[in-house]
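Chemist:
Number of protein chains: 2
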Amino acid sequence: MNDKLDVLFHPKSVALVGASNTFSKWGFIIPACILSGGYQDKLYPVNPKEDTILGRKVYPQVSAIPDEVDLAIIVTPAPQVPAVIEDCGRKGVKSLVVITSDFSETGEEGAKAEEEIVALARKYDMPMVGPNSMGIVSTSPSLYAMMAPFTPQAGPISMASQSGNVGTKMMIDSSNQGVGVNKFASSGNEGDITICDYLEYFGQDPETKIIALYIEGIDDGQRFIELAKNITPKKPIIVLKGGRTRAGGKAAASHTGALAGSTAVYESMFRQCGIIQAYTTQEVVDFAYGFAACPLPPGRRVAILTRGGGWGVLSADFCEDMGLEVSPLPQPVVEHLDKVLPPYWSRGNPVDMVATLNLTDFGDALKLLLENSTYDSVIGLGISVKPVSPDLFSSTIPNSIDMEQMQAMQKFVSDAGESQVREIMTAMKQHQKPVILVGTPAELEPMENGTPINIFPDPERAVHILSAMVRYAEYRRSLEAQ
Amino acid sequence: MNDKLDVLFHPKSVALVGASNTFSKWGFIIPACILSGGYQDKLYPVNPKEDTILGRKVYPQVSAIPDEVDLAIIVTPAPQVPAVIEDCGRKGVKSLVVITSDFSETGEEGAKAEEEIVALARKYDMPMVGPNSMGIVSTSPSLYAMMAPFTPQAGPISMASQSGNVGTKMMIDSSNQGVGVNKFASSGNEGDITICDYLEYFGQDPETKIIALYIEGIDDGQRFIELAKNITPKKPIIVLKGGRTRAGGKAAASHTGALAGSTAVYESMFRQCGIIQAYTTQEVVDFAYGFAACPLPPGRRVAILTRGGGWGVLSADFCEDMGLEVSPLPQPVVEHLDKVLPPYWSRGNPVDMVATLNLTDFGDALKLLLENSTYDSVIGLGISVKPVSPDLFSSTIPNSIDMEQMQAMQKFVSDAGESQVREIMTAMKQHQKPVILVGTPAELEPMENGTPINIFPDPERAVHILSAMVRYAEYRRSLEAQ
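Here the protein sequences line up with chains A and B, keeping their order.
Position 259 of the first sequence, counting from 1, maps to 259 under this note's numbering, and the rest follow consecutively.
Adding 482 to a residue's 1-based position in the second sequence gives its number in this note's numbering.
In structure tokens form, the structure reads like this:
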């Protein structure tokens, strides 16, 4: 199956069956997304009633395409799908994505129709995503074959989702938050390829560094456990489990037909396999950032550096909520900071910079904490790489103020901010401990080696990321100790 | 005290003592913020060494101002503050905001200096914010006297915060999320005016409809309880408590000198008084939106309407986590929806619109759930008022596509989306039950009566808002039942 999925995710030619010139139809939106996404290989629209779609020659059926077809994406109405698959099979198409719905999700008749198309796909040895899928993405061939008009950036995370909507959101948010996507599949009804197959494939895929799954139900729990146990020593797996509760389980039964497993069983299974469980799509994306941007923490001791006392207090609360240790400040650090900070500084962890405006001091203090063996990670609070816009003042303030001078000063402060952040990221790499920054969110270019840089708006999110990384690192160390 | 605070928050003239022409000093930033914020009354910069600041005549000392002064904002270095206050007192200034730090937060000597200025302020009967405050805001006179360059929109919420940074963030985020600010105070060291004084004032202030507090410690717990008990039957109070844990409590002791009260004691006190406790600044702001935008829910039964099955599943999970009931769909609603939805729809709550693209159906289904007496609130998932930008396609798609037609279609879809959202908000008001919308966030103009409209990116936030509103409504009903 892994080799077949390799073709599916790296097609040299794609047929779009059910292509259309009508803007509001998936038959238009999906090929439009593929073209906007920059797919450079061959795209063949298929529709017996059209001549040209999106400026491309249209073929009446797949078997009329005068070329090999690695992947056929099918959006035709359900009753036509069996004939389309039969035609694909005869043509020698290598893999299928069936977007079309109206199969097992609609009841018994649909289930029978689904059995039929699965049997056809298998007869011709074509792995099939769906039916009732929202599409797939594979950024190494720039293939963006989705319902949602968005082109994600390329990166280390691969995702499979038993909900197209939830998966699409995870993918978009992750990309927007600097962690680009490698592969994505909306698994749909999983008539053929199941969540376990995607997991196995992502596990051995050298392009995939982090795996995220949205799961409502798993048919073969034993296989899932074995796969996860093989993968988590090498790559983190983040799982968002829908249907954890009685109400959610009922909804899941109606949505994907997932059997409601006991929450406790799922949660202990995830823990046992070293899987990191997330509870919201935002956690999935935040945890992915932690794994993509930071080294794993050697332990649970956190140093908190803050520009505002209240932020330090809240962060310490969140750390204790999550079982992280806000360990006391070692004497040498106290002595060192005594030289930098005003005489009345907190002398404790959180280290409160007491409204110091000097960003260099902040960076220096942060590096000091990072270097110290007392701490396994650092949270830096109060980062603002783009302070005060002089425009805010320009409208109401008289000419007596030299706006040019103000702008130059602003630019200087802002550049200092960003270069400090980059120095901190470099120091993080050097000391092999995570640093999570909190402050005014800003879009920053990644580091030269591609490491994303985020500034989170809320310390709670920083603490949850560290907590997820600590849990994963502890799992990895527990294996090494065996 | 209430009358004095009234002058403080509605000054007809403001002196800025320690004003400066240096851009990086608070003596420049704060008056610049006041002018940018549109304060129309008199602003008098005070500095013995300057002639003009921000285009205004500068006075050497407050007593040299040839006019009454309702409020003096002081940013001079700490050693000069007593003389400044003495001068203010002799001049007959009515109220003070002391931004200057280096008082009780720095240790014993600072505490003595603070006692001295408090005694002086009281001698002259001037209520004093701070010292070590980040400033105050009062939007009815457009007074924005803060360190952070931002002008909030006016609205129903008043805030007091024992952390300037946390408070500023709550204010900015609330304003950005459509819930404008009425009054704000960074309470600083609370040498004179305490968190209880602000609470009492906001409680009786007709301009304030919702109160939010960031608290690390309360000196007079008994007074706080009595005040809160008097206010919560009329206005919601949202409290973010910093220092809930051992680690956070230690940090709070170092930050504001707050004594670590037991978490359990605080939480039961809040519950007892009908105070809604938030755990993050985002919850404060989200809860404020709920109270500002929606009627209180008559009970805990939630209807979930969704465009994607996975969203419904996650929302049902969150509801059960928070003790809300995802009650079954009544037969008449099933029968009605049978006419609108495809034959295989879920026939349960969550109601899954099964990828229906028709927004009118979505709005109609939502109103049907809202009307039904089975439900006390509705969560609507999958709102997108600004779908597909045609620009996404324009760069890579050949000219065969009529971009003008596409744009016209987009505009039509988008307008239909926004008008549906407005109809839903109107129906919410009519049926006196809350509706929280989740989808792609969009900035929407408020309703004609000023009600804000938000679309939340995550169903968890919607559920937490409903849960806070349910708790508050149940408290109010429990009082009425007595």
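Note that the Cβ used here is the ideal one computed from N, Cα and C, for glycine as well.
Computed from a predicted structure; not experimentally measured.
Please work out which residues of its chain come closer than 6 Å, Cβ to Cβ, to B:Val-833, disregarding the five sequence neighbours upstream and downstream, and give them in chain order.
Modeler: So the qualifying residues of the chain are Leu-787.
Chemist: Name the two residues that bound the continuous alpha helix (DSSP H) containing B:Gln-759.
Modeler: Unbroken run through B:Gln-759 is the beta strand (DSSP E), 758-760; no alpha helix (DSSP H).
Chemist: At the level of alpha carbons, what is the spacing between B:Val-766 and A:Val-75?
Modeler: Answer to the nearest angstrom: the Cα atoms are 45 Å apart.
Chemist: Between the alpha carbons of B:Gln-644 and A:Phe-202, how many angstroms are there, rounded?
Modeler: Near 49 Å, if we compare the C-alpha coordinates of A:Phe-202 and B:Gln-644.
Chemist: Taking just the CA atoms, how far does A:Glu-108 sit from B:Gly-845?
Modeler: Between B:Gly-845 and A:Glu-108, the C-alpha separation is close to 30 Å.
Chemist: For A:Leu-5, which of A:Ser-13, A:Lys-25, A:Ser-95 has the nearest alpha-carbon?
Modeler: For A:Leu-5, the nearest C-alpha among the options comes from A:Ser-95.
Chemist: Going by C-alpha distance, which of A:Asn-349, A:Ile-231, A:Ser-327 is nearest A:Leu-337?
Modeler: It is A:Asn-349 whose Cα lies nearest to the Cα of A:Leu-337.
Chemist: On the DSSP letters alone, give me the boundaries of the beta strand (DSSP E) that A:Thr-306 sits inside.
Modeler: Looking at the DSSP string, the run of the beta strand (DSSP E) that includes A:Thr-306 is 302-306.
Chemist: Between the alpha carbons of A:Ser-24 and A:Asp-192, how many angstroms are there, rounded?
Modeler: Answer to the nearest angstrom: the Cα atoms are 29 Å apart.
Chemist: Please list the terminal residues of the continuous beta strand (DSSP E) segment that includes A:Asn-349.
Modeler: No beta strand (DSSP E) contains A:Asn-349, which DSSP labels as neither H nor E.
Chemist: Along chain A, in chain order, which residues have C-beta atoms closer than 8 Å to that of B:Asn-647?
Modeler: Neighbours of B:Asn-647 on chain A, chain order: Arg-307, Gly-308, Gly-309, Gly-310, Trp-311, Gly-382.
Chemist: A:Asp-41 to A:Lys-209, Cα distance in whole Å?
Modeler: Near 25 Å, if we compare the C-alpha coordinates of A:Lys-209 and A:Asp-41.
Chemist: Examine chain B for any beta-carbon lying closer than 8 Å to the beta-carbon of A:Gly-243, and answer yes or no.
Modeler: Yes, A:Gly-243 lies at the interface with chain B (some Cβ there is under 8 Å from its Cβ).
Chemist: To which residues does DSSP link A:Pro-45 through a beta bridge?
Modeler: Answer is A:Leu-16.
Chemist: Which residues, in order along the stretch 794-814 of chain B, keep a beta-carbon less than 7 Å from a beta-carbon of chain A?
Modeler: Cβ contacts with chain A come from Gly-794, Val-795, Leu-796, Ala-798, Asp-799, Cys-801, Glu-802, Asp-803, Val-808.
Chemist: A:Leu-143 lies in the beta strand (DSSP E); which residues open and close that run?
Modeler: Counting along the chain, the beta strand (DSSP E) containing A:Leu-143 begins and ends at 143-146.
Chemist: In the structure shown, what three-state DSSP assignment does A:Phe-456 receive?
Modeler: Looking at A:Phe-456 - three-state DSSP - the assignment turns out to be strand.
Chemist: Cutting at 6 Å between CB atoms, please list the residues of its own chain near A:Pro-152, excluding the five before and the five after it.
Modeler: Taken in chain order, the residues that qualify are Met-171, Ser-175, Val-181.
Chemist: Just the chain B side, please: which residues come within less than 8 Å of A:Gly-348 by C-beta, in chain order?
Modeler: What A:Gly-348 touches in chain B: Lys-732, Ala-733, Ser-736.
Chemist: For A:Ser-24, which three-state DSSP category applies?
Modeler: Of the three classes helix, strand and coil, the one that applies to A:Ser-24 here is coil, per DSSP.
Chemist: Who are B:Thr-534's beta bridge partners in DSSP?
Modeler: Bridge partners of B:Thr-534: B:Lys-539.
Chemist: Residues in the stretch 677-708 of chain B with C-beta within 8 Å of chain A's C-beta atoms, listed in sequence order?
Modeler: Listed by position, the residues of the stretch 677-708 of chain B near chain A (Cβ gap below 8 Å) are Tyr-696, Glu-698.
Chemist: Name the residue from B:Met-628, B:Ile-516, B:Pro-564 whose alpha carbon lies nearest to the alpha carbon of B:Lys-605.
Modeler: The option with the nearest alpha carbon to B:Lys-605 is B:Pro-564.
Chemist: Could you work out which residues of chain B lie near A:Asp-458, taking near to mean beta carbons separated by less than 7 Å?
Modeler: In chain order: Thr-762, Thr-763, Gln-764.
Chemist: Given that A:Thr-106 touches chain B, what residues does it touch there, using C-beta distances under 7 Å?
Modeler: By Cβ distance, chain B contributes Tyr-826.
Chemist: Can you give me the C-alpha to C-alpha distance between A:Pro-131 and A:Asn-165, rounded to a whole angstrom?
Modeler: So the two alpha carbons sit approximately 15 Å from each other.
Chemist: Using 8 Å as the threshold, is the C-beta distance between A:Val-62 and A:Asp-87 below it?
Modeler: Yes. Within cutoff.
Chemist: Do A:Ala-160 and A:Ser-138 have their CB atoms nearer than 8 Å?
Modeler: No, the Cβ-Cβ distance between A:Ala-160 and A:Ser-138 is not below 8 Å.
Chemist: At least one CB of chain B closer than 8 Å to the CB of A:Ala-485: is that the case?
Modeler: No answer is possible for residue 485 of chain A: it lies beyond the span of chain A, which begins at 1 and ends at 482.
Chemist: So what does A:Met-128 bridge to, in DSSP terms?
Modeler: Note: A:Met-128 sits in a beta bridge opposite A:Leu-96.
Chemist: Within 8 Å of any Cβ in chain B, is that where the Cβ of A:Asp-338 sits?
Modeler: No - not a single Cβ of chain B is within 8 Å of the one on A:Asp-338.
Chemist: Alpha carbon to alpha carbon, what distance is there between A:Asp-317 and B:Pro-527?
Modeler: For B:Pro-527 and A:Asp-317, the distance between alpha carbons rounds to 41 Å.
Chemist: Just the chain A side, please: which residues come within less than 9 Å of B:Ser-834 by C-beta, in chain order?
Modeler: Inspection of the sequence shows that residue 834 of chain B is occupied by Asp rather than by Ser. Chain A residues near B:Asp-834: Ala-251, Ser-254, His-255.
Chemist: How would you label B:Val-836, buried or exposed, when you count the other beta carbons within 10 angstroms and need 16 or more for buried?
Modeler: It counts as buried.
Chemist: Alpha carbon to alpha carbon, how far is A:Ile-276 from B:Leu-602? Give it in angstroms, no decimals.
Modeler: Answer to the nearest angstrom: the Cα atoms are 58 Å apart.
Chemist: Taking buried to mean at least 16 other C-beta atoms within 10 Å of its own C-beta, is B:Arg-572 buried or exposed?
Modeler: Counting Cβ neighbours within 10 Å, B:Arg-572 comes out exposed, since fewer than 16 surround it.
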